[in-house]
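First residue of the sequence shown? That's 277 in my numbering, and the numbers climb one at a time after it.
I have placed the structure first, in the form of structure tokens, so that the comments after it can refer back to it.
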Amino acid sequence: MSTWQVERQEGEDGEVTLSVAEGTPLSPWDAGAALRIVGTPRTRLEGVEKVTGSAQYAYDVRLAGQLYAGILRSPHPHARLTRVDTTAAAALPGVHAVISLADAPDIDWYDDSKLFDPTLRFAGDEVAAVAAEDEDIVADALRLVVAEYEPLPFAIDIVAALAPGATPIHEGGNVESEKTYERGDVEAGLRAADVTFDRVLTTQTAIHHSLEPHGCTVAWEGEGVTVWESTQSIFDVRQQVAEKLGLGESQVRVIKQHMGGGFGSKQIVWKQTVIAALLAKRSGRPVQLMLDREGESLAVGNRNPTRQRLRLGATADGTLTAIDVTIHQAIGAHSAGGEGSNTAGLYQTLYACPNVRTSQTGVYTNTGPAVAFRAPGYVEAAFALETGMDDLARQLGMDPLALRLTNYTGDDQSKEMPFSQPDGLRACYEKATVAFGWGETIEQPAESHRRRGVGIAAHHWVGGAGDPPGYAWVKLNPDGRADIITGTQDIGTGTRTGLAMVAAEELGFTLDQVTFHLGDTALGPYAPVSSGSATMATIGPAIRAAAAEAKAELLAAAAAFLEEPVERLSVRDGLIRVAGEPEDRATPVAAVTGSMSPHMIQTQGARGGNPEDVSIQTFGVQCAEVEVDTRTGEVTILRVVAAHDCGRIINPTTVDSQVIGGVTQGIGFALTEERVVDAATGIVLNANLEEYKVPTVSDIPGIQNVHVGIPDLKANPTGSKGIGEPPLIPTAPAIANAVFDAVGVRFYDLPLSRSRVVDALAARERQGMPA
């Protein structure tokens, strides 16, 4: 049975809140348990829907009388909107609603801004919006909006924003936040070092570019509104829409059945959702507002660029004596949420080191707001830290793997407690390097201008543990099937299948006896945002708890039905079995549940709290082999071997998919992806998928995912942790280190574009250094 404890808390402002501690005490499945469903590769439950085109995405919603909407965006990186006139646009035949600063409700947004604000802080900021009969009329109407601007001085990068006399983007200046951490004596540690590393490293702005853009369809019915949204959090959309429009949360219903990726950009509510709701209210008709690729590039998030000065020190035997990093990261024009939230974290915990100092500063710039992007902060930090570690190893004449193992730790030094799996990273090192053949001689091509090299990088990830609250319901139907109901969302990662497997395993049902329901705030209990690689580790335990209680009630009913002691009964493959009885005498679950009809077994489960004496993290190691064409600067990835700890593997097929997808994005971050902003105008020059280069299938090498799969029995009752974000973290540094191994030139800036590589090789040649 679930526990429930409520504690009254009163804040300094007198506001009273209730702190709730709840959960269902449940022992984890044993590490060596012979599970029948969990751990077996399974194809997606929704696979047929997707390949046949019947899966409904946000764009697929079609309602009677539906209108289409678009947004006029600022052409200036910083300007004051002095006049906006939508008269001509509103008069265009087919236009049913317009909205702008002139007539928009006063709705707060971001830091000190409004839904439509007179101060425009990035090229792409929202100026006006139109709803019309079709998208062509929308485009024509937007061209008829008259907008006049007073351009203001702007800063598009960290250096310009922090320069003396820089125009403040917000009142109070351009520093959004500062975080510091220190243990030991860093300066003493550096003095004690035999070798040091001291460099400034930079990472670029990357765009999420989910294949499905942001968008929604909104329909009002009386004073209630339904939103079909491409989102990572249906309950956050409900809360934000209600707050912005002055509604009760019960008046807002949010639906999201399928989604074509989010990677963090869809974990918050952007302006277009509320704009669509306002247009729908004004027009009295449903409105669909889907962003085009330019809108995706400008206004709904990015991975923030960083500038990191890193100093490392080590003794002659490779023992780290100091880690010191000063991080500046551009968060864009507004603090939207999750942008590089803990770039310093990797420095504090990945390696054993007594002397660590980190400083992290968020900087406003006149660019689109940054937001969490698949392992935010850790991807950027891994490039710098793992480049520095590789450089130390070369100075010391050590194998880069040996240096990492020399500084191995099983403790979270920042929290002063052990990891829940102290040997988790060690298992990843072993699995990855053995499968890769680390240390073996690689064969060089016959052509002298082609050189091959190998690299390695490691990481931990602060996400993946999951947290309360999260809820699930289980219903056992008269026909012996189970309905699993939760308010979570499948963002394209296979959530439906993995969570259904947990339910089937605990119930003792076959997978096809389970029907999974999600993605609707009106039908399911609360579930948190799908971010931080936390969905499986949050909702999985809640589902298992509800299923365990349902199974207990089922067995009690079966005991009465069969006139057998409950202790002799079990459920397997959807059949009630009596200990000692032949298999062919098993009783179908439907015989028991049908005999109860119309009574039903209905249970609920709640996610309990995390342990307080261990730090739950995930770990990973990747090895890469590359070939560099020294004439053109082209870097070709030949192979990547990855080993990632995610606790118990629920569905191996899903884990493989996540790792391949993460490595693919990591290759793009390492080599080709970069938002380019014109320094003179502040305009993004590649706000499309033609000039912003994401990897295609021809760019992807063989990616081998080596399963680690050690259940984390301290994490939660499933023993599973998240795998969605970590595979992206070590890819870029593994590739950069492999490039150094191939050509002997160290790169401190991403991406490793062909021009950057060939320029560095040419500079070395001009200096008379050997190739």
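Note that the Cβ used here is the ideal one computed from N, Cα and C, for glycine as well.
- In the structure shown, the three-state DSSP call for residue 411 is helix.
- Going by DSSP, residue 492 is part of the beta strand (DSSP E) stretching over 491-497.
- With contact defined as three or more Cβ pairs closer than 8 Å, the segment 436-445 and the segment 550-565 are not in contact.
- Annotated three-state conformation of residue 649 is coil, per DSSP.
- Shortest Cα-Cα distance from residue 459 to any of 570, 1021, 947 and 598 involves 598.
- Secondary structure at residue 328: helix, using DSSP grouped into helix, strand and coil.
- In the three-state DSSP reduction, residue 457 falls in the strand class (E or B).
- Counting along the chain, residue 704 sits inside the alpha helix (DSSP H) bounded by residues 700-712.
- Nearest in C-alpha terms to residue 427, of all of 569, 350 and 340, is 350.
- The three-state reading of DSSP puts residue 781 in helix, counting H, G and I together.
- Per DSSP, the continuous beta strand (DSSP E) segment holding residue 633 begins and ends at 632-640.
- Its chain contains 638 as the residues whose beta carbon lies nearer than 6 Å to that of residue 453, once the 5 sequence neighbours on both sides are disregarded; these appear in chain order.
- The criterion of a C-beta distance shorter than 9 Å is not satisfied by residue 390 and residue 635.
- Membership of residue 992 in any alpha helix (DSSP H) is not indicated, and neither H nor E is assigned to it by DSSP.
- With respect to the 9 Å criterion, residue 443 and residue 578 are not classified as neighbours on the basis of their beta carbons.
- A contact between stretches requires three or more CB pairs, one per stretch, nearer than 8 Å, and the segment 858-875 fails this requirement with the segment 958-973.
- Between the C-alpha atoms of residue 346 and residue 941 there is a straight-line separation of about 29 Å.
- With respect to the C-alpha of residue 325, the residue from 534, 749 and 726 having the closest C-alpha is 534.
- The segment 352-369 and the segment 396-408 touch, with no fewer than 3 CB-CB distances between them shorter than 8 Å.
- Inter-residue distance for residue 364 and residue 370 is about 12 Å (C-alpha atoms, whole angstroms).
- For the 9 Å CB-CB criterion, residue 750 and residue 866 do not form a contact.
- With respect to residue 743, residue 893 sits apart: the two C-beta atoms are not nearer than 9 Å.
- Its chain contains 918, 932 and 935 as the residues whose beta carbon lies nearer than 6 Å to that of residue 981, once the 5 sequence neighbours on both sides are disregarded; these appear in chain order.
- Per DSSP, the beta-bridge partners of residue 899 are 732 and 917.
- Contact annotation: the segment 310-317 touches the segment 912-929, with at least three C-beta pairs closer than 8 Å.
- DSSP places residue 671 inside the alpha helix (DSSP H), whose first and last residues are 654-672.
- In the DSSP assignment, the residues bridged to residue 529 are 502.
- Under DSSP, residue 747 shares a beta bridge with 882.
- Taken atom to atom, the span from the alpha-carbon of residue 786 to that of residue 779 is near 10 Å.
- If you look at residue 515, you'll find it in the alpha helix (DSSP H) that goes 510-521.
- For the 9 Å CB-CB criterion, residue 1035 and residue 479 do not form a contact.
- In the DSSP assignment, the residues bridged to residue 427 are 355.
- A check of alpha carbon separations from residue 539 across 550, 571, 493 and 484 identifies 484 as the nearest.
- Within the same chain, and ignoring the five residues on either side of residue 806 in sequence, the residues whose Cβ sits closer than 6 Å to its Cβ are 508, 765 and 767.
- With fewer than 16 neighbouring CB atoms inside 10 Å of its own CB, residue 1042 falls in the exposed class.
- Counting only residues of its own chain and dropping the five nearest sequence neighbours on each side, residue 294 has a CB closer than 8 Å to the CB of 282, 283, 284 and 285.
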